[in-house]
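Enquirer: Numbering (the numbering used here), first residue to last: 1 to 165.
Note that CB positions come from ideal geometry on N, CA and C, so glycine has one too.
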């Protein structure tokens, strides 16, 4: 194997190798010739709003952490379901039963008693719980909501002592 070494002169006008200093980022969208995004997609995370600002996404009502806290304090007849993975539960949880989103369809019989109750599904940020809520609605659950922002929003807005990961 052989190597060749090339000598290249620095371009004084180059921001990376020359004498000019980069002081701000370029407008990436303009540089690439694409339009700036105007909305957040249905499952994209946007600062504790994994499903954007919509009140209903894919037929699933979205509930804020403040609304959930009010319901818990009022001892409302709600069933909260955690759909994160088992290794996430010890880090931070709301004390809700745990059924990971990947096994929700095969384990729906475990929560069949709550088919007509108000069910609020949560995960870390709100994206997986949205998917689980859609699956529960398809399985015949009549009153399913998604917790917007999930555990992260709860830690930020309700319980700052809760661990974030």
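Kindly list the residues whose CB is nearer than 7 Å to the CB of residue 106, restricted to its own chain and excluding five residues on each side of it in sequence; keep chain order.
Expert: Taken in chain order, the list of residues that qualify is empty.
Enquirer: By Cβ distance, which residues of its chain are closer than 7 Å to residue 124, with the 5 residues on each side in sequence left out?
Expert: 84, 88, 150, 151, 152
Enquirer: Mapping DSSP to helix, strand and coil, what is residue 51?
Expert: Any reading at residue 51 needs caution, since the residue's pLDDT is 47, under 50, leaving its predicted position unreliable; the model's value is listed next. Residue 51 falls in the coil class under three-state DSSP.
Enquirer: Starting from residue 82, trace the beta strand (DSSP E) in both directions and tell me its first and last residue.
Expert: 78 to 82
Enquirer: Unbroken alpha helix (DSSP H) runs of length 4 or more, entirely within the stretch 57 to 117: which are they?
Expert: 65 to 73
Enquirer: Report the three-state DSSP secondary structure of residue 147 (helix, strand or coil).
Expert: strand
Enquirer: Closer than 7 Å by C-beta to residue 147: which residues in its own chain qualify, once you throw out the five before and the five after it? Chain order, please.
Expert: 63, 65, 68, 120, 121, 122, 126, 129
Enquirer: For residue 127, report the span of its alpha helix (DSSP H) as first-last.
Expert: 127 to 138
Enquirer: Would you check if the distance between the CB atom of residue 132 and the CB atom of residue 111 is smaller than 8 Å?
Expert: In this structure, residue 111 does not lie closer than 8 Å to residue 132 by Cβ.
Enquirer: Whose C-beta lies closer than 8 Å to the C-beta of residue 162 among residues of the same chain, with five residues either side of it excluded?
Expert: The beta carbon of residue 162 sits closer than 8 Å to the beta carbons of 92, 151, 154, 155 from its chain, once the five residues preceding and following it are set aside; these are given in chain order.
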